[in-house]
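Per the numbering used here, numbering of the sequence shown is gapless, rising by one per residue and ending at 293. To keep things clear, I will list the structure first and then write my remarks on it.
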Amino acid sequence: MKNFNLSYLGIIALILLASFSRIIPHAPNFTPIGAIALFGGAYFNNKHQAFIIPILSLWISDLVINNYILSYYYGQFVWFYPGALWQYSSFCIIAAIGYFSLRRLSFKRVFSSSIFASLVFFVITNFGVWASGS
Numbered sequence: 160m161k162n163f164n165l166s167y168l169g170i171i172a173l174i175l176l177a178s179f180s181r182i183i184p185h186a187p188n189f190t191p192i193g194a195i196a197l198f199g200g201a202y203f204n205n206k207h208q209a210f211i212i213p214i215l216s217l218w219i220s221d222l223v224i225n226n227y228i229l230s231y232y233y234g235q236f237v238w239f240y241p242g243a244l245w246q247y248s249s250f251c252i253i254a255a256i257g258y259f260s261l262r263r264l265s266f267k268r269v270f271s272s273s274i275f276a277s278l279v280f281f282v283i284t285n286f287g288v289w290a291s292g293s
């Protein structure tokens, strides 16, 4: 029972830490959400956690950012912003990259998976901006 509580406490702490990392001042596009998605796919025994943790972290921080920090922009409570689908789907794909390519860890695999994950995020989110006309 102790292991069960400690593992879920660690997961909750990871979600809150990742969410908080998007809210505090940081370099543009430099938060650990992508790394959590990539290495979550390789690390978590329960593969649902690899997908849920980055998405939940994004969603919690989006709620705070969109409804408190940028509340003047939306004017009402926002559950999901218009481009959320593109960003969230890119992190799901990044988690899948971690799951399939990082089963055996090596420098080459980690390096190539990291570069590929960055490219996937860039292409999907920029395509989303282009497709939505934003």
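Idealized CB from N, CA, C, for every residue including glycine.
| Item | Value |
| --- | --- |
| Ala201 and Gly257: beta carbons closer than 8 Å? | yes |
| Could you give the distance in angstroms between the alpha-carbon of Gly234 and the alpha-carbon of Asn225? | 10 Å |
| With DSSP run on the structure shown, which of helix, strand or coil describes Met160? | Any answer about Met160 is weak, because its pLDDT of 43 lies below 50 and its placement is not dependable; what the coordinates show is given next. Coil. |
| If you draw a straight line from the C-alpha of Leu215 to the C-alpha of Ser178, how long is it? | 8 Å |
| Relative to the alpha-carbon of Ser247, which residue among Tyr232, Asp221, Phe203 has its alpha-carbon at the smallest distance? | Reading the sequence as shown, one finds Tyr at residue 247 and not Ser. The candidate whose alpha carbon is nearest that of Tyr247 is Asp221. |
| Pick from Asn285, Asn204, Pro213: whose alpha carbon is nearest that of Pro191? | Pro213 |
| Can you tell which of Gly242, Asn205, Gly169, Ser180 has its C-alpha closest to the C-alpha of Ala254? | Asn205 |
| Going by Cα to Cα distance, which pick from Pro241, Ala276, Ile283, Phe286 is closest to Ala194? | Ala276 |
| Would you report the Cα separation of Val288 and Pro241, rounded to the nearest angstrom? | 10 Å |
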